[in-house]
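Colleague: Below is one structure. I have some questions about it.
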Amino acid sequence: MPKNPQIKKVLVLGSGPIVIGQAAEFDYAGTQACRSLKEEGIEVVLLNSNPATIMTDKDIADRVYIEPLTVEVVEQLVRKEKPDSILPTLGGQAGLNLAMELEESGFLREKHVRLIGTSALTIKKAEDREMFKETMEKIGEPVAPSDIVETVEDGLRIAGHIGYPVVLRPAYTLGGSGGGIAKNPEECREILENGLRLSRVGQVLVERCIAGWKEIEYEVMRDGAGNVITVCNMENIDPVGVHTGDSIVVAPSQTLGDKEYQMLRSSALNIITELGITGGCNVQYALHPSSFEYCVIEVNPRVSRSSALASKATGYPIAKVAAKIALGYTLDEIKNAVTGKTYASFEPMLDYCVVKMPRLPFDKFISAKRTLGTQMKATGEVMSICTNFEGALMKAIRSLEQHIDSLLANTLPRSGDKKPAKGTGVEKSPNGYDFSGLDDEALLKQLEKADDRRIWVIAEALRRKMSEESIHEITQIDRWFIDKLAVLVEMEQALADGPLTEGLLREAKRLEFPDQVISRLTGISPEEIKAMRHAGGIRAAYKMVDTCAAEFAAETPYYYSCFDGYDEARTENIQSKKKVLVLGSGPIRIGQGIEFDFCSVHSTWAFSREGYETIIVNNNPETVSTDFDIADRLYFEPLTPEDVESIVDREKPDGAVVQFGGQTAIKLTESLMKMGVPILGTAAEDVDAAEDRERFDEILERCRIPRPAGHTVFTAEEAKRAANDLGYPVLVRPSYVLGGQGMQICISDEDIDEFIGIINQIAQDHPILVDKYIVGKEIEVDAVCDGQDILIPGIMEHIERTGVHSGDSISVYPASSITPETEATLVDYTERLARALHVKGMINIQFIVAGEQVYIIEVNPRSSRTVPYISKVTGIPIVSLATQVICGHKLRELGYTPGLQKKSEYVAIKMPVFSFEKIRGADISLGPEMKSTGECLGIAKTFNEALYKAFEGAGIKLPKYKNMIITVRESEHQEAVEIARRFQQAGYKIFATRGTARTLNANGVKAYPVRKLEQETPNILDLILGHQIDLVIDIPQQGAERSHDGFVIRRNAIETGVHVLTSLDTAKALATSLENRAKELTLIDIAQVKTV
Amino acid sequence: MKAFLILEDGTIFEGTSIGSAKEVISEIVFNTSMTGYLEILTDPSYAGQAVAMTYPLIGNYGICSEDKESGRPWLDGYIVRELSRIPSNFRSEDTIQHFLQQYDIPGISGIDTRALTKILREKGTMNGMITTNVYGDLAEPISRMKKYQVSGVVRRVSCKEKYVLNPKDSLNCGKRVALLDLGEKKNIARSLLQRGCQVTVFPCDASAEEILAESPDGIMLSNGPGDPKENREIIQEIQKLYKSDIPIFAICLGHQLMALANGADTYKLKYGHRGGNHPVKDLTTGRVYISSQNHGYAVDAKSLDPEIATPAFVNVNDGTNEGLIYKGKNIFTVQYHPEACPGPQDSRYLFDRFMEMMGGIK
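Line by line, the protein sequences give chains A and B.
Here the first sequence is numbered in the numbering used here, starting from 56 and rising by one per residue.
Here the second sequence is numbered in the numbering used here, starting from 83 and rising by one per residue.
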């Protein structure tokens, strides 16, 4: 069927800010789909509130709106742009929900706009629990016994009927928000109350618990003619009960025979056919481990995290094909872009094994529960490919960048010595993965817990010779996987026992043991091991991901490494171009998000335009950078020195660029230099100078730039001495980190002891910094320097005062509250620093402005989190410019006048977005350590409208009940009065703890006192749990919070879906936004924004 | 024990011996299915060939006897990258290692099956040898390899005596099907039994008269191994079956023989179609189905007399013929495997079509 000629202009809905459960995969899918639509001559209008995405670039869509993803905005946009169609299946659940609301309201019919990709009826059949169940029953597909409830009482009745344990799933939520497994009526009631409120339609599904069954997924596609195919199936190593986003997943399935495989495949195809989906769809199954019984768990009628994974695992571009199908093409008309010969109507065959591992944020949220359940907690993931499962798992582990490179968390005991000490807890281990200190009983207990460290626990159990069968009994993880872990544990032992023969080394490398690990186990230095390898011809070989198991010749240079095969990478440089290695940023985590993928991709494109041959190395399946047609060659590999060196040996690049891949890439600088690869752009020693406290202090002194006084320390004692010398409060942090990891404000010696303890849980190669904490305005600048001239696209100002991490602050461009003199100082300091550090490319500087005094807090001679945002709002392609400069061009010759650029006519506000409700036990108060997972943008002609849009985009929709709670510390009572007054004027009823209430009332703001947490009920907690509150303003103590009250209040508020602000500055901004609620917003096409 | 796979072009792969340690010369082919290794091992169509699996991890779910497609493995040799050291499946009864030993089938593991596949893809299917002997000079084994030809395999794998299979009483539809066993995969008969047919399986040398004497409601020609043109006697019998007015449904080798019986030609594909992911297009409806395939030869669609038969299905990847409809006859034939096992079940409906041809369920 050819393309539908009636489709000419399509509105594509993005997924908005990155939150847990909805991450970079939608940027990947959206970008691929937009390019696929444009290829067909379609005019693409894009709506996405997330400025960090590649899809919101003017080269990806024709018209780009970075506006809140709300019904009102879409309606207004439809009236303005008059698209004939909307494609809602690429924007995750957010996009789908939006489309449903527009369809249900009749708006789309009225405006003659069709939903392409998948119809509203289909979405309903898949998403509405009742309709889904009916549909499945109609075609004889089993679902677990379940019922939909809308009240707690009904839920309890149904649960009693089905029998505990039951699984509770709220309808229409992301990543299973608010769901869980209830073992008894009490738990059931708690989850129900919460889940009913979080569900968009107030429904919760109560379902038979099938925990322990195998969890299997199928990615299937269907075109308008009814042709159906399976792209990939995947098996979760963790059985049903752990969200697939938090599971270790393997593709294809490993423990299913053809009978099981085909049974579920046929089922998935029946389902997609019955639902009438045109495009991609994900079906999740629970398969009984010892029978053919299965249940359909869930169907996602859209592209998803799993479909991104399936695309990368197979090479089959699901989103691209889905976009073509939406235009009316059939699968047999769409070329397989990988082989260039066959068609999209086939099923990929893998001749390798793929492992995905989740990146969990427990390093950020130390207080959070590590238990994994039906609520997804991972912020990102890594994928790895190898010819064997063990190797793929080993590669995935070291791709995670969690300070662990194998199943060994400590240096394994050489045989015989060192027996595990009795009774010591996991908390004592250096990085949380070492369970050798547990006694057998404690280890068995730990084995029962499904958490992110489970494979390390299993490895420890195997080391103690616990039987594979008993481990299987406890964990319900298939014997096959446990045996594979045993293979790795046996190799550890074999290496420790020695001697290291060539044969043993070869086998260890086949299993992807890094040289470092082999060295630790054998006591032979990594250099010697490398020499032995090279002497024995044991080198990484590269294999192609070609969708067809080598049956057809493929053209796509997408490679993975293995140690047991012939090398087939085509590295010869045909056009004798220069080769550049672009290092990616690895898994999405708090502090290093999608922004760095944006930078890596733009840099790659810019190098390409400069005539370079480009090579990307990355391991994140969710991203655009790992799409097979971004660079000339893609190596899907861990970003460790050894893995990169193997690629360097093969490719012999003329240079590497590290300044766009975040800290992951920066960390590789030294190793690359040792390999003899020139670092393009700012020299490695200058990068180091910015991180090394002493060298940096020297530079500042030379440039006569003040900074908060500080010291470099290694121990807690030194830190306390430094702090007392500087005077509390002080800022304590490790050097060489991103996202303020481990950074804290300390107000006492006690705090220092606590924080240094936390920092030192991970072995530190670098010193710890202790700085005087200065209260002031935080200013951020990104600049491009060509060695002489400096271009500053704009100055950004934070709403929150210092002490809140820049990534968690509301950032305003252009900075509006600073004087022209201060502005001049900022520009001057930026120029001095860029020159002093010999920056070639990007630099990011953070300043404190206290009065007229400007201090510098941090300099990063690399791309930063704000680069995509500032590029878009100023219209200056910063990454591309920086890349050109790195290639030797001068800013002036590129047509730019150096210095601070003219301000845009728009105000743009970047608003952080958090995923606190997903992480049980995480402290939500803002501080120097970054906690947000994503961001959205508000852009408008006026500050107030921009602010309003930013809050809207972040989903902070007020008010519902017009009730709020304020609780602030004594010192801020006065400041709170003004804020409270403004909320009162906006119609709010204010509750406050006694002290705060007294002050408010005394100052003419009516406040109702509520009892504190420890006082008898009804107290503040009952008020929150009563679901009548819109907003809590709770300002925590600085330093370590000794009282648990604030934490409990904030957690309960977040978990009941109440907005919580922990900074008065944010509260002020919100009040401003409420005072300026606009009926009609002005929608701005970013593609048209220019500063000059 | 070390083992070698030597190809007739002189390529040597060194690996580990699995199964029997005996030396074998065979035609080397590859299969891209990710599951269904037992069905492949026991598929009689592989007689005379050694099969390399492109999926690297084999044996994960052991041997589940009820999944066998015939009584024993028929292939000459088995080539894998890695054999699982433990099987893990609730139905598993045995390991591949043991299964191969039991039937004295040699094999090799630990070789780069992708590299092998690329050689076969580029140079075409060729002969090779799996051996545990060390050869200093390859000239002698290569000359033996070059002489090797797959022959006489249909006779080897077909049943020797006619036998009758009855459906469950509750399903019995009263239809009687004569199934000519040219190397039949069990799921063909099973598919008919599931639809309530009584199935009489005839050995490949059964005469048309014998078959027609049973006055079946329909005739099925099964899949099977080897070069179709080799089966001259069978082709002659099929010509007679064609002339009867009994509905006929043929699969794979049966499809090729029916075409040859009607004057068309067959040819050897460069490296065949073996796997579970081939798209075939139904030329009447335009629908595409993902099919299970295992064939080294194809019917030359150009050689067909359009008055006798027209193409019904075509391979979307390479345009080769995948099925025929015979004009004025109640006959249709397909190159691929609607009985699946292993592979997609998308084409099961063809058995229903055959039921309809026989007059539907009584």
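We put the beta carbon where it would ideally sit given N, CA and C, even for glycine.
Nothing here was measured: the structure is a model prediction, and the numbers come from that model.
Going residue by residue through the segment 378 to 430 of chain B, where are the continuous beta strand (DSSP E) segments of at least 3 residues, counting only ones entirely within it?
Modeller: Counting only runs of 3 or more, we get 391 to 397, 403 to 408, 413 to 416.
Colleague: Distance check for A/Ser580 and A/Ser918, CA to CA, integer angstroms please.
Modeller: Numbered from its first residue, the first sequence carries residue 918 of chain A at position 863. Numbered from its first residue, the first sequence carries residue 580 of chain A at position 525. Between A/Ser918 and A/Ser580, the C-alpha separation is close to 35 Å.
Colleague: Would you kindly check if the distance between the Cβ of A/Leu66 and the Cβ of A/Val100 is under 9 Å?
Modeller: Reading the first sequence from its first residue, position 45 is the one you call residue 100 of chain A. Reading the first sequence from its first residue, position 11 is the one you call residue 66 of chain A. The answer is yes: Cβ separation under 9 Å.
Colleague: Taking the alpha carbon of A/Arg226 as the reference point, which residue from A/Arg212, A/Leu247, A/Gln258 has its own alpha carbon closest?
Modeller: For this step, residue 226 of chain A is matched to residue 171 along the first sequence. The amino acid occupying residue 226 of chain A in the given sequence is Ala; Arg does not appear at that position. Checked all of A/Arg212, A/Leu247, A/Gln258; the closest Cα to A/Ala226 is A/Gln258.
Colleague: Which of helix, strand or coil does DSSP assign to B/His355?
Modeller: Along the second sequence, one-based indexing puts residue 355 of chain B at 273. DSSP places B/His355 in strand when its eight states are reduced to three.
Colleague: In angstroms with no decimal places, state the Cα-to-Cα distance between A/Phe162 and A/Ala377.
Modeller: Position 107 of the first sequence holds residue 162 of chain A. Position 322 of the first sequence holds residue 377 of chain A. A/Phe162 and A/Ala377: Cα-Cα distance of roughly 25 Å.
Colleague: Give the C-beta separation of B/Tyr143 and A/Leu311 to the nearest angstrom, bearing in mind that I take them to be a contact with Cβ-Cβ under 8 Å.
Modeller: Translated into positions along the second sequence, residue 143 of chain B becomes position 61. Translated into positions along the first sequence, residue 311 of chain A becomes position 256. Contact holds; Cβ gap of about 7 Å.
Colleague: Rounded to a whole number of angstroms, what is the C-alpha to C-alpha distance between A/Cys287 and A/Thr328?
Modeller: Position 232 of the first sequence holds residue 287 of chain A. Position 273 of the first sequence holds residue 328 of chain A. Approximately 17 Å, taken between the alpha carbons.
Colleague: Closest Cβ-Cβ distance between A/Phe769 and chain B: below 9 Å?
Modeller: Here residue 769 of chain A refers to the residue found at position 714 when the first sequence is read from its first residue. No, A/Phe769 lies away from the interface with chain B (no Cβ there is under 9 Å from its Cβ).
Colleague: So that I know if they touch, is there some Cβ in chain A lying closer than 9 Å to that of B/Lys350?
Modeller: The residue labelled residue 350 of chain B in the question sits at position 268 within the second sequence. Chain A contact via Cβ: absent.
Colleague: Using CA atoms only, rank isn't needed, just tell me which of A/Thr669, A/Thr681, A/Ser640, A/Tyr398 is closest to A/Leu364.
Modeller: Mapped onto the first sequence, residue 364 of chain A falls at position 309. Measuring from the Cα of A/Leu364, the nearest candidate turns out to be A/Thr681.
Colleague: Can you tell me which residues form a DSSP beta bridge with B/Glu96?
Modeller: On the second sequence, residue 96 of chain B is found 14 positions in, with the first residue counted as 1. Partner(s): B/Phe86.
Colleague: Comparing the C-beta of B/Asp194 with each C-beta of chain A, is any distance below 9 Å?
Modeller: Counted from its first residue, the second sequence places residue 194 of chain B at position 112. So yes, B/Asp194 belongs to the interface.
Colleague: Could you run through the segment 130 to 159 of chain B and flag, in chain order, every residue whose CB is less than 7 Å away from some CB of chain A?
Modeller: Taking 7 Å as the Cβ-Cβ cut-off against chain A, the residues of the segment 130 to 159 of chain B that qualify are Thr136, Tyr137, Pro138, Leu139, Asn142, Tyr143, Cys146, Asp149.
Colleague: Across which residues does DSSP place A/Tyr23 in a beta bridge pair?
Modeller: Because chain A in this structure spans residues 56 to 1147, residue 23 of chain A falls outside the shown range and cannot be described.
Colleague: In terms of residues, what are the limits of the alpha helix (DSSP H) holding A/Met318?
Modeller: Reading the first sequence from its first residue, position 263 is the one you call residue 318 of chain A. From DSSP, the alpha helix (DSSP H) with A/Met318 extends over 313 to 330.
Colleague: Is the beta carbon of B/Ala423 sitting closer than 9 Å to the one on B/Lys268?
Modeller: For the purposes of this step, residue 423 of chain B is identified with residue 341 of the second sequence, where counting begins at 1. For the purposes of this step, residue 268 of chain B is identified with residue 186 of the second sequence, where counting begins at 1. Checking the sequence, you will find Cys at residue 423 of chain B rather than Ala. In this structure, B/Lys268 lies closer than 9 Å to B/Cys423 by Cβ.
Colleague: Which partner residues of A/Ala905 appear in the DSSP bridge assignment?
Modeller: Locating residue 905 of chain A in the first sequence gives position 850, where the first residue counts as 1. Answer is A/Gln908, bridged to A/Ala905.
Colleague: Please state whether DSSP places A/Cys654 in a helix, a strand or coil.
Modeller: Here residue 654 of chain A refers to the residue found at position 599 when the first sequence is read from its first residue. The answer is helix: DSSP assigns A/Cys654 an H, G or I state.
Colleague: So, are the CB atoms of A/Thr173 and A/Thr333 less than 9 Å apart?
Modeller: Numbered from its first residue, the first sequence carries residue 173 of chain A at position 118. Numbered from its first residue, the first sequence carries residue 333 of chain A at position 278. Cβ atoms of A/Thr173 and A/Thr333: closer than 9 Å.
Colleague: Let me know the secondary structure DSSP gives A/Val635 once reduced to three states.
Modeller: Within the first sequence, numbered from 1, the residue matching residue 635 of chain A stands at position 580. If DSSP states are grouped into helix, strand and coil, A/Val635 belongs with the strands.
Colleague: Determine the burial state of A/Ser470: buried for a count of at least 16 other Cβ atoms within 10 Å of its Cβ, exposed for fewer.
Modeller: In the first sequence, residue 470 of chain A corresponds to position 415, counting from 1. Note that A/Ser470 scores 37 on pLDDT, short of 50, meaning its location in the model is unreliable and no value can be drawn from it.
Colleague: If we cut at 9 Å on Cβ distances, does B/Tyr371 have a partner in chain A?
Modeller: For the purposes of this step, residue 371 of chain B is taken as the residue at position 289 of the second sequence. So, interface residue.
Colleague: Would the beta-carbon of B/Ile82 fall within 9 Å of that of B/Met340?
Modeller: There is simply no residue 82 of chain B to check, as chain B begins at 83 and stops at 444 in what is shown.
Colleague: Excluding sequence positions up to five away, which residues of its chain have a Cβ less than 6 Å from the Cβ of A/Thr719?
Modeller: In the first sequence, counting from the first residue as 1, residue 719 of chain A sits at position 664. Result list for A/Thr719: Ser640, Gly641, Leu694, in chain order.
Colleague: Apply the 10 Å Cβ neighbour rule to A/Glu270 and answer buried if 16 or more other Cβ atoms are within range, or exposed otherwise.
Modeller: Here residue 270 of chain A is taken as the residue at index 215 of the first sequence, counted from 1. So A/Glu270 ends up on the buried side.
Colleague: Could you name the residues of the same chain whose beta carbon sits closer than 8 Å to that of A/Val732, not counting the 5 residues immediately before and after it, in chain order?
Modeller: Counting from 1 along the first sequence, the entry for residue 732 of chain A is found at position 677. Excluding residues within five positions, the ones whose Cβ falls inside 8 Å are Leu636, Val703, Pro708, Gly710, Ala711.
Colleague: Is there at least one Cβ from chain E nearer than 9 Å to A/Gly395's Cβ?
Modeller: Considering every chain present, this structure includes no chain E. Its protein chains are A and B.
Colleague: Using a Cβ-Cβ cutoff of 9 Å, what residues of the segment 222 to 254 of chain B are near chain A? List them in chain order.
Modeller: Listed in sequence order: no entries.
Colleague: Give the secondary structure of A/Ile62 by DSSP, where H, G and I count as helix, E and B as strand, and everything else as coil.
Modeller: Residue numbering aside, residue 62 of chain A sits at position 7 when the first sequence is read from its first letter. DSSP places A/Ile62 in coil when its eight states are reduced to three.
Colleague: Tell whether a beta-carbon distance below 9 Å holds between B/Leu182 and B/Leu87.
Modeller: Residue mapping note: residue 182 of chain B aligns to position 100 of the second sequence, counting from 1. Residue mapping note: residue 87 of chain B aligns to position 5 of the second sequence, counting from 1. No, the pair does not count as a contact, with Cβ atoms beyond the cut-off.
Colleague: Considering only C-alpha positions, which residue in the set A/Val354, A/Thr397, A/Ala392 is nearest to B/Gly445?
Modeller: The requested residue 445 of chain B does not occur in the structure, where chain B is confined to residues 83 to 444.
Colleague: A/Ser918 bridges to which residues according to DSSP?
Modeller: The residue you call residue 918 of chain A lines up with position 863 of the first sequence. BP columns for A/Ser918 are empty, so no partner.
Colleague: So, for A/Val305: in the same chain, excluding its five sequence neighbours on each side, which residues have a beta-carbon less than 6 Å away from its beta-carbon?
Modeller: The residue labelled residue 305 of chain A in the question sits at position 250 within the first sequence. Here the set comprises Glu290, Val410.
Colleague: Looking at chain B, which residues of the segment 571 to 605 of chain A have a Cβ within less than 9 Å of any of its Cβ atoms?
Modeller: Listed in sequence order: Ala596, Lys598, Met599, Cys603, Ala604, Ala605.
Colleague: What is the rounded straight-line gap between the Cα of A/Glu242 and the Cα of A/Val222?
Modeller: Translated into positions along the first sequence, residue 242 of chain A becomes position 187. Translated into positions along the first sequence, residue 222 of chain A becomes position 167. Each residue's Cα considered, the two are about 11 Å apart.
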